[in-house]
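Enquirer: Residue numbers 7 to 125, in the working numbering, belong to the letters of the sequence shown in order.
From the three backbone atoms N, C-alpha and C, an ideal C-beta is built for every residue, glycine too.
All of these numbers come straight from a predicted model, not from anything done at the bench.
Quick one: structure below, then a few questions.
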Amino acid sequence: AIRSKEDIRMGFVDPHQPPSREDKPSAACPHIVNIGISGTKPHVWRDAWRERILPTLVDFNPDLIIISSGFDAHIKDEVNCGFVGVTEADIAWLTTAIMEVANKCCHGRVVSVLEGGYR
Numbered sequence: 007a008i009r010s011k012e013d014i015r016m017g018f019v020d021p022h023q024p025p026s027r028e029d030k031p032s033a034a035c036p037h038i039v040n041i042g043i044s045g046t047k048p049h050v051w052r053d054a055w056r057e058r059i060l061p062t063l064v065d066f067n068p069d070l071i072i073i074s075s076g077f078d079a080h081i082k083d084e085v086n087c088g089f090v091g092v093t094e095a096d097i098a099w100l101t102t103a104i105m106e107v108a109n110k111c112c113h114g115r116v117v118s119v120l121e122g123g124y125r
């Protein structure tokens, strides 16, 4: 049970491109981590998730994972001109990886919300 605001602990991981923000949590916001993903290949995107983002999520040990995501990294995205170039297979891989973390940390609790609508 939550008894006070001190009992509420929330983490936020922000993968983005290009790497223009600090990758480490700040003292003021220790559970907010910005992860810059450089490169134009899906393997770079997967490596960033595998090596940096997913371990950060496991270390945080959430009670619930909320995914708020669009398809900016998709190869067919017109807004970012296919900068990262991920495909449906990459997104399926990430979904499986996040579910594995959720099964380990929070009894499989995941909420996924699709963002979008630039036009």
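#1: Provide the residue(s) that pair with V92 in DSSP beta bridges, ordered along the chain.
#2: If contacts are defined as beta-carbon pairs under 8 Å, then C111 and N67 qualify, I think. What distance do you get, rounded to the angstrom?
#3: Any idea if E106 is buried or exposed, counting beta-carbon neighbours within 10 angstroms, 16 or more meaning buried?
#4: Would you give the residue range spanned by the alpha helix (DSSP H) that V64 belongs to?
#5: Where do the N-terminal and C-terminal ends of the beta strand (DSSP E) with V39 fall, by residue?
#6: So, A103 versus W51, is the Cβ gap smaller than 8 Å?
#7: When the Cα atoms are used, what is the spatial distance from V85 to T93?
#8: By DSSP, does L120 sit in helix, in strand, or in coil?
Expert: In brief:
#1: By one-based count along the sequence shown, residue 92 stands at place 86. For V92, which the question treats as bridged, DSSP gives the partners H80.
#2: Locating residue 111 in the sequence shown gives position 105, where the first residue counts as 1. Locating residue 67 in the sequence shown gives position 61, where the first residue counts as 1. 5 Å between Cβ atoms; contact.
#3: Stepping through the sequence shown from its first residue, residue 106 is reached at position 100. When all chains shown are included, E106 counts as exposed.
#4: Walking along the sequence shown from the start, residue 64 turns up at place 58. Residues L60 to F66.
#5: Position 33 of the sequence shown holds residue 39. Counting along the chain, the beta strand (DSSP E) containing V39 begins and ends at I38 to G42.
#6: Indexing the sequence shown from 1 puts residue 103 at position 97. Indexing the sequence shown from 1 puts residue 51 at position 45. Their beta carbons are not under 8 Å apart, which means A103 does not touch W51 by this criterion.
#7: To locate residue 85, count along the sequence shown from 1; it is residue 79. To locate residue 93, count along the sequence shown from 1; it is residue 87. Their backbone Cα atoms lie some 16 Å apart in a straight line.
#8: The residue given as residue 120 occupies position 114 in the sequence shown. In the structure shown, L120 sits in a strand (DSSP, three-state: E or B).
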